[in-house]
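Engineer: Respectively, the protein sequence lines represent chains W and S.
Number 94 in this note's numbering belongs to position 94 of the first sequence; there are no gaps in the numbering.
Number 1121 in this note's numbering belongs to position 121 of the second sequence; there are no gaps in the numbering.
There are 2 protein chains.
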Amino acid sequence: MKFSTSEENYIKCIYHLQEVNEGVSGTQLAQAVNTKAASVTDMLRKLHLKKIINYRPYKNFTLTETGNKIALEIIRKHRLWEYFLLNKLGFKWEEIHEIAEELEHISSGALIHKLDEYLGHPCFDPHGDPIPDKHGKFKILKQASITTLPLKKIVTVSSIKDQSIQMLELLKHYNISLGTKMKVNKRFDFDGSVEIKIDKQPLAILSEQVAKNIFCIA
Amino acid sequence: MKFSTSEENYIKCIYHLQEVNEGVSGTQLAQAVNTKAASVTDMLRKLHLKKIINYRPYKNFTLTETGNKIALEIIRKHRLWEYFLLNKLGFKWEEIHEIAEELEHISSGALIHKLDEYLGHPCFDPHGDPIPDKHGKFKILKQASITTLPLKKIVTVSSIKDQSIQMLELLKHYNISLGTKMKVNKRFDFDGSVEIKIDKQPLAILSEQVAKNIFCIA
DNA sequence: AAATATTTTTAGGTTTGTCTAAATTTATTT
DNA sequence: AAATAAATTTAGACAAACCTAAAAATATTT
Chain W
1 MKFSTSEENY IKCIYHLQEV NEGVSGTQLA QAVNTKAASV TDMLRKLHLK
51 KIINYRPYKN FTLTETGNKI ALEIIRKHRL WEYFLLNKLG FKWEEIHEIA
101 EELEHISSGA LIHKLDEYLG HPCFDPHGDP IPDKHGKFKI LKQASITTLP
151 LKKIVTVSSI KDQSIQMLEL LKHYNISLGT KMKVNKRFDF DGSVEIKIDK
201 QPLAILSEQV AKNIFCIA
Chain S
1001 MKFSTSEENY IKCIYHLQEV NEGVSGTQLA QAVNTKAASV TDMLRKLHLK
1051 KIINYRPYKN FTLTETGNKI ALEIIRKHRL WEYFLLNKLG FKWEEIHEIA
1101 EELEHISSGA LIHKLDEYLG HPCFDPHGDP IPDKHGKFKI LKQASITTLP
1151 LKKIVTVSSI KDQSIQMLEL LKHYNISLGT KMKVNKRFDF DGSVEIKIDK
1201 QPLAILSEQV AKNIFCIA
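So this is what it looks like as structure tokens:
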């Protein structure tokens, strides 16, 4: 399936908003693609028809599997071009994003394949963001406790260090288990406590003692 | 001034048709940009308004100075990208044109500047066509007699070898002088004679003896 | 739970670039 | 020079992406 530049931009933005927010709202997206809410509704209807997003009127939406794959292809292009612009053409760090915004919409798959080869299959772009490979997979940042994980990104609980009954009781109370997706909103230097958000549950603040035991992957 | 991909394609095509044909007709252009004549008329009105073409209803049209400059910028981009695709990314000769058709519309001027630098300011693309420099100038093929010049390209008379009265009389009859633009339509192997076309004048066939004395630049 | 505010959708328009079909102009034949 | 053919323009439509303003649905306050 082929997509217009406009469609691709919407898809990409939904992906990025989802990294931080599980479900995406119209206003968020309108702001991200720099249009009005009414235009977003039009596009959502179209993307829904093409099975790119899970959409129900008035509800937040998410990318389908297909949508996700497409988003990753666009992001792969963007980040490979950024790498090229910085490392081959000698652009400055601040200049590359805008140009890559245009280059990411060049359709040729062969071009990206050759470019990737030429650049030596880099895994991270100049901003440190991972470059998805041709299958949409990227190097996963190894697991880390939520005392060190990046903020505002959706992460998945991958292991619990202290498995005492007391700890399990606490985790149960907060509805945290292996596979739970959460977002680390904030860390307080004062006492090392961590504010986390799990979808459809109230904000929770965990003490450093607890947080140290919860490991996640990005 | 900024141009849409569509406008750029029209401008580029007009340029190329002009290389071979002094004035361009709607049908020619329609075929070149792969649309219908009615769509061409619409676009011509727009380009005329933007002072890109010299246009009068029902008449053939040409690029203005401005239009020419814009065309050369697009062609510069196209040819630099072709050079890059072949010499850096290792694409095959036949694959590069189509991809360059997309890349030529990337707007960033800085990108082309850096790319040119990266490639070492090449003067010819992989097809042997000259790459205009940033001012729209390209290496002029040195002058050659019309017995050897490429066919179907508009060339300008730059010198006459034999300046005898007899020759000058003949040239006067055909309205040929320094600066005259002509197109070499055909060469006949049989006797080395050359058919040329000068705008608004009938076809003329010159003997090899005469043709050898007329030198032009591309 | 009622009132207010916010978000989303609908309705109706605009612009760009395309189309078909018909009218007009220019070019070519006879 | 009249008739025919070809090229060009006009008229009227359409799809994509956007817009504004108003209506409807959901969220938040009080």
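The beta-carbon is built from N, C-alpha and C at its ideal position, and this holds for glycine as well.
Could you check whether the Cβ of E8 of chain W sits closer than 7 Å to any Cβ belonging to chain S?
Structural biologist: Stepping through the first sequence from its first residue, residue 8 of chain W is reached at position 8. Not one chain S Cβ lies under 7 Å of E8 of chain W.
Engineer: Per DSSP, F61 of chain W is paired with what?
Structural biologist: Taking the first residue of the first sequence as position 1, residue 61 of chain W is located at position 61. Paired residues: W:V24.
Engineer: Using Cβ-Cβ distances below 9 Å, what residues of the region 1084-1117 of chain S are close to chain W?
Structural biologist: Answer in chain order: L1085, K1088, L1089, G1090, F1091, E1095, E1098, I1099, E1102, L1103, H1105, I1106, S1107, S1108, A1110, L1111, K1114, L1115 and E1117.
Engineer: Among the residues of its own chain, which have a CB less than 6 Å from the CB of E104 of chain W, if the five just before and after it don't count?
Structural biologist: Along the first sequence, one-based indexing puts residue 104 of chain W at 104. If we look at E104 of chain W and ignore the five residues flanking it on each side, its Cβ neighbours are I74, K77 and H78.
Engineer: Count the other C-beta atoms from every protein chain shown that fall within 10 angstroms of the C-beta of C123 of chain W, then say buried if there are 16 or more, exposed otherwise.
Structural biologist: Within the first sequence, numbered from 1, the residue matching residue 123 of chain W stands at position 123. Answer is exposed; the Cβ neighbour count stays below 16.
Engineer: Give a yes or no on contact between the region 1019-1030 of chain S and the region 205-216 of chain W, applying the rule of three or more CB pairs nearer than 8 Å.
Structural biologist: Segments in contact, no.
Engineer: For R1187 of chain S, count neighbouring C-beta atoms within 10 Å of its own C-beta (all shown protein chains included) and say buried if the count is 16 or more, exposed if not.
Structural biologist: Numbered from 1 along the second sequence, position 187 holds the residue referred to as residue 1187 of chain S. Buried: at least 16 other Cβ atoms inside 10 Å.
Engineer: Assuming contact is defined by CB atoms lying nearer than 7 Å, are E82 of chain W and I96 of chain W in contact in what I supplied?
Structural biologist: Within the first sequence, the letter at position 82 stands for residue 82 of chain W. Within the first sequence, the letter at position 96 stands for residue 96 of chain W. It is a contact, given that the beta carbons lie within the stated cut-off.
Engineer: In terms of alpha-carbon separation, which member of S:N1175, S:I1176 and S:F1091 lies closest to P1126 of chain S?
Structural biologist: Numbered from its first residue, the second sequence carries residue 1126 of chain S at position 126. Per the Cα distances, S:F1091.
Engineer: Could you give the distance in angstroms between the alpha-carbon of K134 of chain W and the alpha-carbon of Q18 of chain W?
Structural biologist: Here the question's residue 134 of chain W lines up with position 134 in the first sequence. Here the question's residue 18 of chain W lines up with position 18 in the first sequence. About 21 Å.
Engineer: Beta-carbon separation of V155 of chain W and L178 of chain W under 7 Å?
Structural biologist: Translated into positions along the first sequence, residue 155 of chain W becomes position 155. Translated into positions along the first sequence, residue 178 of chain W becomes position 178. Cβ atoms of V155 of chain W and L178 of chain W: not closer than 7 Å.
Engineer: In terms of residues, what are the limits of the beta strand (DSSP E) holding S1159 of chain S?
Structural biologist: The residue labelled residue 1159 of chain S in the question sits at position 159 within the second sequence. First-last of the beta strand (DSSP E) with S1159 of chain S: I1154 to I1160.
Engineer: Checking 7 Å against the spacing of the C-beta atoms, do I214 of chain W and I146 of chain W come in under that value?
Structural biologist: In the first sequence, counting from the first residue as 1, residue 214 of chain W sits at position 214. In the first sequence, counting from the first residue as 1, residue 146 of chain W sits at position 146. In this structure, I146 of chain W lies closer than 7 Å to I214 of chain W by Cβ.
Engineer: If we ignore side chains and look at the alpha-carbon of each, how far apart do S1039 of chain S and Y1055 of chain S end up?
Structural biologist: Locating residue 1039 of chain S in the second sequence gives position 39, where the first residue counts as 1. Locating residue 1055 of chain S in the second sequence gives position 55, where the first residue counts as 1. About 15 Å.
Engineer: If I measure Cβ to Cβ from E101 of chain W and keep anything under 8 Å in the same chain, skipping five residues before and after, which residues do I get?
Structural biologist: For this step, residue 101 of chain W is matched to residue 101 along the first sequence. Excluding sequence neighbours, E101 of chain W sits near H78.
Engineer: Can you list, in chain order, the residues of its chain whose CB lies under 7 Å from that of F84 of chain W, leaving out five sequence neighbours each side?
Structural biologist: By 1-based counting over the first sequence, the position of residue 84 of chain W is 84. Closer than 7 Å at the Cβ level, and outside the excluded window around F84 of chain W, lie L115 and L119.
Engineer: Short of 6 Å in beta carbon distance, which residues of its chain neighbour L1086 of chain S, apart from the five on each side in sequence? Order them along the chain.
Structural biologist: Within the second sequence, numbered from 1, the residue matching residue 1086 of chain S stands at position 86. For L1086 of chain S, where only same-chain residues beyond five positions count, the Cβ hits under 6 Å are I1096 and P1126.
Engineer: Going straight from the alpha carbon of M182 of chain W to that of A204 of chain W, what length do you get?
Structural biologist: Sequence index remark: in the first sequence, residue 182 of chain W carries index 182 (1-based). Sequence index remark: in the first sequence, residue 204 of chain W carries index 204 (1-based). Their Cα atoms are separated by approximately 11 Å.
Engineer: Would S1108 of chain S pass as a contact of I99 of chain W if the rule is Cβ separation under 7 Å?
Structural biologist: Position 108 of the second sequence, counted from the start, is the residue given in the question as residue 1108 of chain S. Position 99 of the first sequence, counted from the start, is the residue given in the question as residue 99 of chain W. Yes; because the gap between Cβ atoms is below 7 Å, this pair is in contact.
Engineer: Beta-carbon separation of V1020 of chain S and K1152 of chain S under 7 Å?
Structural biologist: Within the second sequence, the letter at position 20 stands for residue 1020 of chain S. Within the second sequence, the letter at position 152 stands for residue 1152 of chain S. Result yes, Cβ atoms of V1020 of chain S and K1152 of chain S sit closer than 7 Å.
Engineer: Could you pull the start and end residues of the alpha helix (DSSP H) that I96 of chain W belongs to?
Structural biologist: Reading the first sequence from its first residue, position 96 is the one you call residue 96 of chain W. Note, I96 of chain W: alpha helix (DSSP H), I96 to L103.
Engineer: What is the rounded straight-line gap between the Cα of Y1058 of chain S and the Cα of L49 of chain W?
Structural biologist: Your numbering for residue 1058 of chain S matches position 58 in the second sequence. Your numbering for residue 49 of chain W matches position 49 in the first sequence. Near 45 Å, if we compare the C-alpha coordinates of L49 of chain W and Y1058 of chain S.
Engineer: For N1175 of chain S, is the classification buried or exposed, using 16 other Cβ atoms within 10 angstroms of its Cβ as the cut-off for buried?
Structural biologist: Along the second sequence, one-based indexing puts residue 1175 of chain S at 175. So N1175 of chain S counts as exposed.
Engineer: Please identify the residue among W:A32, W:T41, W:D129 and W:L47 whose C-alpha is closest to the C-alpha of K2 of chain W.
Structural biologist: Residue 2 of chain W sits at position 2 when you count from the first residue of the first sequence. Checking every option, the nearest Cα to that of K2 of chain W belongs to W:L47.
Engineer: Report all residues from its chain with a CB closer than 8 Å to the CB of G192 of chain W; omit the five preceding and five following residues, and keep chain order.
Structural biologist: As a working note, residue 192 of chain W is residue 192 in the first sequence. The residues are T147, S207, E208 and A211.
Engineer: Tell me the residue span of the alpha helix (DSSP H) that contains M167 of chain W.
Structural biologist: The residue given as residue 167 of chain W occupies position 167 in the first sequence. Its alpha helix (DSSP H) spans residues I165 to H173.
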